[in-house]
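To start, the structure under review is shown below, and the notes come after it.
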Amino acid sequence: MTTTGEPCAGATEVDRLLAQARAGLRRLAPAEAWAAAGRGAKIVDTRPEHQRRAAGEIPGAVVVERNHLEWRLDPTCEARIPEADSRHIQWIVICAEGYSSSLAAAALRELGLSNATDVIGGFDAWAEAGLPTVRPARPTTPRGPGE
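In case it helps, our numbering puts the sequence shown at residues 948 to 1094.
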């Protein structure tokens, strides 16, 4: 994808990287992710504030901005959030369209979080599927260490 949201012309290195990341994931459709959350999986929303403000949020999702994700979810890291207390948690990463979330989920798997995955189509597909969203007066503050 380019900065305008258009696909790059021809295959690129980022396409190769994305395909490699996705090959190691069992990606979930939005409805599957919602059902998994009902069984105890944790949805982690990595979208920046401006996207959450514009499109809404997923009720109960953990908000962690992408640049802090690995530190907040690594159970061995002092900067982790309290929910990140086990390698066995199923973390379901969601971004806007399902691209950066695939790369993020693959990075979590490299940390040993073998149940990490992402949502096919991201938040856009989630909302299009009619799954729950909220529009808080103020976007949820991203989680920090111990929060």
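Just so you know, even glycine gets a beta-carbon here, dropped at the ideal spot from N, CA and C.
Simplified DSSP assignment, three categories, for residue i
i	result
Leu1020	helix
Asp907	The chain is shown only over 948 to 1094; residue 907 falls outside these bounds and no answer can be derived.
Leu1050	helix
Leu972	coil
Glu1057	helix
Val1011	coil
Thr949	Because the pLDDT at Thr949 is just 48, under 50, the model does not fix this residue reliably, and the point stays unresolved.
Neighbourhood of residue i by C-beta, 6 Å cutoff - its chain only, sequence neighbours within 5 removed
i	result
Pro906	Not covered by the structure: residue 906. The range shown for the chain is 948 to 1094.
Ala1072	Pro977
Glu996	Pro1086
Cut-off 7 Å between Cβ atoms - residues of its own chain near residue i, not counting five sequence neighbours on either side
i	result
Pro1083	Glu1004
Arg1019	Val1011, Ala1026, Arg1027, Ile1028, Ala1031 and Arg1090
Ala1053	Ala968, Gly971 and Leu972
For residue i: DSSP bridge partner residues
i	result
Glu1004	Val1081
Trp1073	For Trp1073, which the question treats as bridged, DSSP gives no partner whatsoever.
Asp1065	Val1040
Val961	DSSP lists no partner for Val961.
Exposure label - residue i; buried when at least 16 CB within 10 Å
i	result
Arg1085	exposed
Ser1049	buried
Ala958	exposed
Ala1063	buried
Ala1051	buried
Thr993	buried
Ser1061	exposed
Supposed contact pair residue j and residue i - C-beta distance, whole angstroms, cut 8 Å
i	j	result
Gly1007	Ala984	7 Å
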